[in-house]
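Step one of this worksheet: look at the structure below.
2 protein chains.
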Amino acid sequence: MKRIDGGVTAAKGFFAANAAAGIKYQGRDDMALVYSEVPCVAAGTFTTNVVKASPVVWDMNLLKKGNKIQAVVLNSGIANACTGTVGDEMNDIMATSMAEALNANVANADLTKEMVFTASTGVIGMQLPKEPLVKGCGMLSKALGDSREAANKAARAIMTTDTVPKEACVSFEIDGKTVYIGGMAKGSGMIHPNMATMLSVVTTDVAIAAPLLQKAVSEVVADTFNMISVDRDTSTNDSFMVLANGLCGNQEITEENDNYQLFKEALYEVSKTLAKNMAKDGEGAEKLFETVVMGAKTKEKAKILAKSVITSNLVKTAIYGSDANWGRILCALGYAGVDFDPENVDLYITDGKQKMLLFTKGMATDYSEEEATRILSAKEVTAICDMHEGNESATAWGCDLTHEYVTINGDYRS
Amino acid sequence: MKRIDGGVTAAKGFFAANAAAGIKYQGRDDMALVYSEVPCVAAGTFTTNVVKASPVVWDMNLLKKGNKIQAVVLNSGIANACTGTVGDEMNDIMATSMAEALNANVANADLTKEMVFTASTGVIGMQLPKEPLVKGCGMLSKALGDSREAANKAARAIMTTDTVPKEACVSFEIDGKTVYIGGMAKGSGMIHPNMATMLSVVTTDVAIAAPLLQKAVSEVVADTFNMISVDRDTSTNDSFMVLANGLCGNQEITEENDNYQLFKEALYEVSKTLAKNMAKDGEGAEKLFETVVMGAKTKEKAKILAKSVITSNLVKTAIYGSDANWGRILCALGYAGVDFDPENVDLYITDGKQKMLLFTKGMATDYSEEEATRILSAKEVTAICDMHEGNESATAWGCDLTHEYVTINGDYRS
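Protein chains in written order, with numbering that gives the first Met the number 0: chain A, 0 to 413; chain B, 0 to 413.
In structure tokens form, the structure reads like this:
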């Protein structure tokens with residue numbers, strides 16, 4: 000597997016577009032489109048929040064029907080959540096307008112609205128404005144390109160409080176054919192995915208049967224997007240959508256063979272990169288904070304423990320202050336809801352270069368506070384908790400809790 | 000029932016003391032003692048954190064043995080958690096020194112160490128220094144008083160990042176006798192009690208059988224201390240301890256009769272006041288933020304929903320910014336883990352004077368943002384969520400998430 004510079008247009012037959020439709024923001028792009036020249040097998044995972052945005056309900060329904068998908072239209076600025084029947088109508092207009100515009104402006108396009116995934120992100124409760132939305136779909140249909148730049152501009156168009164676009168891409172070989180998987184994601188606040196993340200679209204030219212694609216997606220999401228958190232708030236709009244158009248020419252993957260494993264590993268790599276970058280770009284964040292729990296009895300327990308540490312406000316503020324307040328990490332392990340013996344836990348911190356043992360045999364080691372602060376001053380910091388109870392491990396990714404987080408969210412809507 | 004100005008010395012036969020022992024802080028009180036002239040029936044609830052501080056393990060063990068308790072010795076500055084066997088020894092020294100000092104300096108005192116509850120609060124992982132601890136116990140035993148001032152000074156001595164002491168007191172009549180219940184509490188950060196709160200001691204002169212006292216305590220804690228949160232971090236030291244010495248002269252309460260109900264209501268009043276004041280004095284908090292969930296199917300569901308709202312970082316920052324970002328409240332209800340129909344929810348905000356409907360029938364009302372901001376600018380703000388699914392309700396108390404919270408916790412240990 001090779002990591003390459005690329006996004007949603009890397010895989011064969013995929014195009015992207017961006018547009019400044021004036022949905023809510025003025026003077027910046029706020030709509031994006033991902034389009035495949037042929038219909039795709041699709042899979043996805045969506046928010047488990049009881050309050051689901053209109054586009055989430057729409058997409059889940061299309062997947063349930065087993066529809067082939069050919070386009071994903073996205074907007075930033077307004078989430079189209081908690082918007083009642085009016086919101087559902089606006090979402091329908093979004094899918095319909097996109098299909099019609101593509102059919103009018105793209106050669107050989109023949110889409111129904113039920114071949115279009117929709118996704119929205121932004122303020123909850125506001126209604127999407129109809130005219131900019133319809134106009135935006137028209138603009139998108141005329142702006143499609145398959146260049147590296149087209150993918151990057153689409154990734155930028157879906158940003159809200161994000162400070163950087165998130166893209167990832169890998170390639171690998173199946174049956175002597177080169178397969179590409181490329182994706183984009185957005186997310187910075189209200190990030191505590193529980194099925195998927197805020198918004199992410201991944202495209203691939205592999206040929207794969209729909210049930211296997213969904214299986215790979217679900218398994219990979221559990222170890223990547225579901226293992227990050229910025230603020231422990233599971234959004235109403237979380238959507239992770241994967242489109243596979245089969246254009247790379249491999250023999251369709253129809254069973255869990257070596258090719259399936261290869262594909263899943265590559266999908267994991269792309270998903271992990273996107274998820275980590277989302278945590279690193281958490282609202283107000285200055286640092287990526289990773290927690291590895293090893294030596295756990297079960298993988299599920301390792302996951303619960305790791306997530307408890309990266310979601311603790313007290314741990315997150317200590318990381319912000321580069322303060323080796325390891326007691327807060329022990330405390331967060333302790334209230335995670337998993338039984339363990341604190342006397343068995345070894346706790347380390349590392350910046351990737353130096354690794355330091357802070358706590359063992361129930362007590363603090365004689366570590367140097369100065370050295371610990373130096374390690375924690377890095378831009379990417381990892382806590383390693385060895386439970387010494389088994390052989391399972393898990394990794395979770397979060398960020399520090401900063402003054403800027405409070406500034407951003409004390410006044411987000413204005 | 001009458002609310003009165005008072006604390007742990009209000010009930011007959013209870014004394015309190017404070018001392019500047021130099022445990023960690025210099026130049027301020029950091030130890031406190033609550034003492035009853037006769038042994039007491041005791042009850043308590045303690046943290047459910049797997050990582051339990053030495054004093055918590057000690058107290059739970061005394062309660063399990065059914066010991067009568069005559070004194071509670073407390074220190075602030077060092078939590079004596081994650082301190083291994085050395086920590087257990089220091090806790091033993093604390094109980095032993097306190098019993099010995101009381102026996103030496105107080106007329107008729109005859110305590111064993113197993114009649115002394117201990118409690119510690121402060122930094123996790125540091126060891127208690129032996130000499131100041133022993134010296135402090137001596138000072139406390141010579142400083143006992145039953146005045147209003149003595150109670151207040153004890154309440155101040157256990158503060159860490161608290162900005163105000165928390166005390167509450169009520170009186171009521173049983174069998175023609177006046178019963179007093181008075182308490183103190185501390186807590187400002189690492190507050191997400193799950194059995195009890197950081198530290199709280201309540202004294203009463205009622206005569207009551209131990210199992211009934213424990214029953215009342217457990218039930219009251221579930222609706223008061225367990226319904227507050229500052230930062231969703233359940234501490235290693237949470238301890239709520241109630242001592243009943245029977246000196247008011249009522250016939251001992253031995254069954255769940257009217258007198259038991261009277262006592263429980265009074266205990267609820269004291270506990271609720273202490274708990275609310277703790278939320279209001281959350282680290283960096285500028286506002287008390289209350290959430291009432293009504294019309295829920297079950298009380299348990301109402302509690303889960305209410306706590307989900309008050310613990311959301313995004314809701315808390317919006318409250319800080321006096322921003323009526325009600326979508327975040329709906330979102331927090333949605334990910335609470337309880338099923339409901341968002342279309343049925345009515346959402347109001349109130350400052351106790353004006354009540355405003357923000358969301359109904361699945362959509363925002365046409366409310367005035369200006370008016371909403373005015374309501375949310377109050378020092379005590381309430382969100383009311385009517386689920387329209389049943390008749391159960393619950394209230395939870397939290398606070399806003401401010402820049403000052405990040406400042407305090409980015410650099411707590413230094």
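A virtual CB, placed ideally from N, CA and C, is assigned to each residue, including glycine.
If the criterion is Cβ atoms closer than 9 Å, does the pair B:G328 and B:C398 meet it?
Checking the sequence, you will find Ile at residue 328 of chain B rather than Gly. In this structure, B:C398 does not lie closer than 9 Å to B:I328 by Cβ.
What ranges does the alpha helix (DSSP H) occupy inside the region 286-314 of chain B, keeping only unbroken runs of at least 4 residues that lie completely in it?
Listed in chain order, the complete alpha helix (DSSP H) runs (minimum 4 residues) inside the region 286-314 of chain B are 298-310.
Pull up the CB-CB distance for A:A382 and A:I348, whole angstroms please, since I reckon it's below 8 Å.
A:A382 to A:I348, Cβ: 6 Å. Contact.
Can you list the residues of chain B that A:A414 reaches, using a CB-CB cut of under 8 Å?
Residue 414 of chain A cannot be examined here, being either before or after the span of chain A that is shown, 0 to 413.
Taking 9 Å as the CB-CB cut-off, is A:W396 touching chain B?
So no, A:W396 is outside the interface.
Select from A:E403, A:W325, A:L110 the residue whose C-alpha is nearest the C-alpha of A:D365.
If we check each option's Cα against that of A:D365, A:W325 comes out closest.
Nearest to B:V40 by alpha carbon, out of B:G26, B:A154, B:S228, B:K63?
Of the listed residues, the one whose Cα sits closest to B:V40 is B:K63.
Between A:R327 and chain B, is any beta-carbon pair separated by less than 9 Å?
Yes, contact with chain B.
Report buried or exposed for B:D257, applying the criterion of at least 16 other Cβ atoms within 10 angstroms of its Cβ.
Exposed: under 16 other Cβ atoms inside 10 Å.
Tell me which same chain residues have a C-beta within less than 8 Å of the C-beta of A:A150, skipping the five on either side of it?
Once the five neighbours on either side are set aside, the close Cβ partners of A:A150 are G5, G6, V7, T8, A9, A15, E166, G181, M183.
What does B:T120 pair with, by DSSP beta-bridge criteria?
B:T120 pairs with B:S75, B:I77.
Kindly say whether B:H387, judged by its beta-carbon, lies nearer than 9 Å to any beta-carbon of chain A.
So, not an interface residue.
Could you pull out every residue in the same chain whose Cβ sits closer than 7 Å to the Cβ of B:E264, ignoring the five residues on either side in sequence?
Within the same chain, B:E264 has close Cβ partners M0.
Shortest alpha-carbon distance to A:V85 belongs to which of A:D204, A:S311, A:G336, A:Q126?
Residue A:Q126 is the option with its Cα nearest to A:V85.
Taking only beta-carbon positions, decide if A:F45 is within less than 9 Å of chain B.
By this cut-off, A:F45 is not an interface position.
Compare the C-beta of B:E425 with all C-beta atoms of chain A and state if any pair is closer than 9 Å.
As displayed, chain B neither begins before 0 nor continues past 413, which places residue 425 of chain B out of reach and without an answer.
B:V169 bridges to which residues according to DSSP?
Its beta-bridge partners are B:R2, B:I180.
Closest to A:L375 by CA distance: which of A:I303, A:V49, A:F288 is it?
The candidate whose alpha carbon is nearest that of A:L375 is A:F288.
Under 9 Å between the Cβ atoms of B:S119 and B:N74?
Yes, these two residues count as a Cβ contact at 9 Å.
Just checking: is the beta-carbon of B:S217 within a distance shorter than 9 Å of some beta-carbon in chain A?
Not one chain A Cβ lies under 9 Å of B:S217.
From the DSSP output, in three-state form, read off B:M362 for me.
Three-state DSSP puts B:M362 in a strand.
Roughly how many whole angstroms lie between the Cα atoms of A:I3 and A:K360?
So the two alpha carbons sit approximately 44 Å from each other.
For a contact meaning CB atoms closer than 8 Å, what does A:G188 contact in chain B?
Residues of chain B passing the Cβ test: L313.
Please report the distance separating the alpha-carbon of A:G65 from that of A:T44.
Cα-Cα distance, rounded: 14 Å.
Can you name the start and end residues of the alpha helix (DSSP H) that B:N17 belongs to?
Not the alpha helix (DSSP H): B:N17 falls in the beta strand (DSSP E), residues 13-18.
Output the distance between the C-alpha atoms of A:A52 and A:A295, rounded to the nearest integer angstrom.
Computed Cα separation, rounded: 37 Å.
Compute the distance between the beta-carbons of A:S199 and A:S238, then report whether it is under 9 Å.
Closer than 9 Å, so yes.
Report the neighbours of B:K360 on chain A: residues whose CB is nearer than 9 Å to its CB, in chain order.
Here the neighbours are G83.
Ends of the alpha helix (DSSP H) at B:V414?
Outside the modelled stretch of chain B, which goes from 0 to 413, sits residue 414 of chain B, for which no answer is possible.
With a cut-off of 9 Å, does the C-beta of B:P54 fall near any C-beta of chain A?
No, its Cβ sits nowhere closer than 9 Å to a Cβ of chain A.
Just checking: is the beta-carbon of A:A363 within a distance shorter than 9 Å of some beta-carbon in chain B?
Judged by the 9 Å Cβ criterion, A:A363 is in contact with chain B.
Please classify A:E369 as buried or exposed, where buried requires at least 16 neighbouring CB atoms within 10 angstroms.
Exposed is the call here.
Please confirm whether A:D232 and A:G281 have their CB atoms less than 9 Å apart.
Cβ atoms of A:D232 and A:G281: not closer than 9 Å.
What residues in the region 150-167 of chain A have a beta carbon less than 9 Å from any beta carbon of chain E?
Absent from the structure is chain E; the protein chains it does hold are A and B.
Look at A:A18 and A:L101 and say whether their C-beta atoms are less than 9 Å apart.
Cβ distance not < 9 Å, so A:A18 and A:L101 don't count as in contact.
If contacts are defined as beta-carbon pairs under 8 Å, then B:S485 and B:Y334 qualify, I think. What distance do you get, rounded to the angstrom?
Nothing about residue 485 of chain B can be reported from this structure: the residues present for chain B run from 0 to 413 only.
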